[in-house]
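Residue numbers (UniProt numbering): 1 to 394.
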């Protein structure tokens, strides 16, 4: 039965993408089929094999070690601010982003990340049938983040037509930054975080190639990333990345304060007036989508509420809700919803992306703002697609 529901889910997701496609005659179906099979194989390897367990355990252990290192710096600055036995979210989940950001900066500076991103991108372009720049951008987004990635392609930015810019932005919104992965792993199981990152990479290509199909000629497929154009010294770079990491931690913290408080207030008002919380009502709206993701009927409303919360607020708020409600869900539901939550697909990301692009190109930033809702639509479909693929395996 789960396979039938999964197939139905795939057809619905692809159908919803097809519904708003700009040029249905240009859609390449062979790469779509190949990438679906590849997603299924990768999900099986990562979730159901000893090799996958070893890989994910190694990644989780690495991030756990990095978080331990980060805690040394946090304890030095903020030691004694919390009572014994307490673990403030800002200190334990958000501030380690500063250290991870510094490491990313170092790897970027010594040209390790540009090398990895370029050659993985080139390899992916052979599979997805899209441009080398699009493939590079998807890998880069998953490493440096949805706003920072555009700095690495700023030379090409003004030359990109809207349809290629849409694909780049869809990839950026569908993935997550490596600097924030450690924070996710403190709230949901690492295996689902890693699996979602890999699946979203291919899912972004698939949904974008249906909604926004086009051909890229070799002469327009420029891949010279504008890495380190200003030739910063090592310590200039390090200081910049440390401050950037701190800004991200503070911004996420501020958004959480605002969103959590707002949701609490809205829930209280709805409960007083209608006798049911706003999140519960959203759960009914998203329940059909939860069903096609393979979630049992008895859990679709609760799961749908968390999924809706992620889109309306952000993934951190939704992950916190999932952690609090974990005992109410079956292991299968926990896995499917966890994979759905690992992306930047929410309303606030429209502003983040358009602002990041506008900072580099006023004209292109306005283009991104114009297709903002279409962009969110595509990125949410990517999350649904990844969750459905996982439902075949769990």
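Ideal Cβ placement from N, Cα and C applies to all residues, glycine included. The structure displayed is predicted, hence computed values, not measured ones.
query = With distances taken between CB atoms, is the gap from residue 127 to residue 206 smaller than 8 Å?
reply = Cβ atoms of residue 127 and residue 206: not closer than 8 Å.
message = So within the segment 100-168, which uninterrupted alpha helix (DSSP H) runs reach at least 4 residues, ignoring any that extend past its ends?
response = Taking only runs of at least 4 residues, the alpha helix (DSSP H) segments lying wholly in the segment 100-168 are 112-128, 132-144 and 154-157.
query = Nearest CA to the CA of residue 306: which residue from 17, 349 and 260?
reply = Comparing Cα-Cα distances from residue 306 to each of 17, 349 and 260, the minimum goes to 260.
Among 393, 313 and 275, the one whose alpha carbon lies nearest that of residue 258 = The candidate whose alpha carbon is nearest that of residue 258 is 313.
Residue 24 burial status per 10 Å Cβ neighbour count (16 or more: buried) = When all chains shown are included, residue 24 counts as exposed.
key: Start-to-end residues for the alpha helix (DSSP H) that takes in residue 68   = Residue 68: member of the alpha helix (DSSP H) spanning 50-78, first to last residue.
inquiry  = Helix, strand or coil, according to DSSP, for residue 296 in the structure here?
reply    = If DSSP states are grouped into helix, strand and coil, residue 296 belongs with coil.
Beta-carbon gap between residue 176 and residue 342 smaller than 8 Å = Yes.
query = With a Cβ-Cβ cutoff of 8 Å, do residue 244 and residue 101 count as a contact?
reply = Yes; because the gap between Cβ atoms is below 8 Å, this pair is in contact.
task = Determine the DSSP secondary structure at residue 226, reduced to helix, strand or coil.
result = Note that residue 226 scores a pLDDT of 46, beneath 50, so its modelled location is shaky and nothing firm can be said.
key: Same chain only: Cβ atoms within 7 Å of residue 195, ignoring 5 sequence neighbours per side   = Excluding positions up to five away in sequence, the list reads 43, 46, 47, 339 and 390.
Through-space distance from residue 234 to residue 333, alpha-carbon basis = Those two C-alpha atoms are separated by around 46 Å.
ask   = Does the Cβ-Cβ distance between residue 56 and residue 162 come in under 8 Å?
value = Between residue 56 and residue 162, the CB-CB gap reaches or exceeds 8 Å.
query = Got a sec, what are the start and stop residues for the alpha helix (DSSP H) residue 317 sits in?
reply = Start and end: 315-325.
query = For the candidate residues 303, 173, 272 and 308, whose alpha-carbon lies nearest to that of residue 327?
reply = Measuring from the Cα of residue 327, the nearest candidate turns out to be 303.
task = Just the C-alpha distance for residue 164 and residue 274, rounded to the nearest angstrom, thanks.
result = Note on geometry: alpha-carbon atoms of residue 164 and residue 274 lie some 45 Å from one another.
key: Selected residue, minimal CA-CA separation from residue 386, among 239, 323 and 204   = Out of 239, 323 and 204, 204 has the C-alpha closest to the C-alpha of residue 386.
query = Which value, in whole angstroms, describes the spacing of the CA atoms of residue 350 and residue 380?
reply = Cα to Cα, the separation comes out at about 12 Å.
key: Contacting residues, own chain, Cβ-Cβ under 7 Å from residue 185 (five flanking each side not counted)   = Result list for residue 185: 60, 63 and 193, in chain order.
message = Considering only the alpha carbon of each residue, which of 271, 268 and 211 lies closest to residue 373?
response = Minimum Cα distance to residue 373 is reached at 211.
From 99, 214 and 361, residue whose alpha carbon lies closest to that of residue 68 = Residue 99 holds the alpha-carbon nearest to the alpha-carbon of residue 68 among 99, 214 and 361.
query = Can you tell me the Cα-Cα spacing of residue 319 and residue 50, whole angstroms?
reply = The alpha-carbon atoms of residue 319 and residue 50 are separated by roughly 27 Å.
query = Thinking just about the alpha-carbon of each residue, which of 76, 40, 97 and 32 is nearest to the one in residue 66?
reply = Cα-wise, what sits closest to residue 66 is 97.
key: Buried or exposed by the 16-neighbour rule on C-beta atoms within 10 Å, applied to residue 215   = The residue is exposed, with fewer than 16 neighbouring Cβ atoms inside 10 Å.
ask   = In this structure, does DSSP put residue 14 in helix, strand or coil?
value = If DSSP states are grouped into helix, strand and coil, residue 14 belongs with the helices.
request  = Kindly list the residues whose CB is nearer than 7 Å to the CB of residue 78, restricted to its own chain and excluding five residues on each side of it in sequence; keep chain order.
outcome  = Result list for residue 78: 91, in chain order.
inquiry  = Need the endpoints of the alpha helix (DSSP H) that residue 377 sits in, please.
reply    = Per DSSP, residue 377 belongs to the alpha helix (DSSP H) from 372-393.
task = Leaving out five residues on either side along the sequence, give the residues of the same chain with a beta carbon under 8 Å from the beta carbon of residue 297.
result = Excluding residues within five positions, the ones whose Cβ falls inside 8 Å are 291.
request  = Look at the Cβ atom of residue 388, then the Cβ atom of residue 9, and state whether they are nearer than 8 Å.
outcome  = Yes, these two residues count as a Cβ contact at 8 Å.
query = To the nearest angstrom, how far is it from the Cα of residue 280 to the Cα of residue 15?
reply = C-alpha separation (whole angstroms): 27 Å.
query = CA-CA distance, residue 130 and residue 289?
reply = So the alpha carbons of these two residues sit roughly 29 Å apart.
Residue closest to residue 250, alpha-carbon to alpha-carbon, out of 171, 95, 71 and 52 = Nearest to residue 250 by alpha-carbon distance, out of 171, 95, 71 and 52, is 95.
key: Sequence-distant residues of its chain with Cβ nearer than 7 Å to residue 73 (five each side left out)   = Non-local beta-carbon contacts of residue 73 in its own chain, meaning distances under 7 Å to residues more than five positions away in sequence, involve 99 in chain order.
ask   = Closest by CA to residue 236, which one among 322, 17, 109 and 40?
value = With distances taken between Cα atoms, residue 236 lies closest to 109.
inquiry  = Quick check on the burial criterion: 16 or more other C-beta atoms within 10 angstroms. Buried or exposed for residue 393?
reply    = That one is buried.
message = So, under 8 Å CB-CB, residue 213 and residue 28 are touching, yes? Tell me the CB distance rounded to an integer number of Å.
response = The C-beta distance from residue 213 to residue 28 rounds to 7 Å, short enough to fall under 8 Å.
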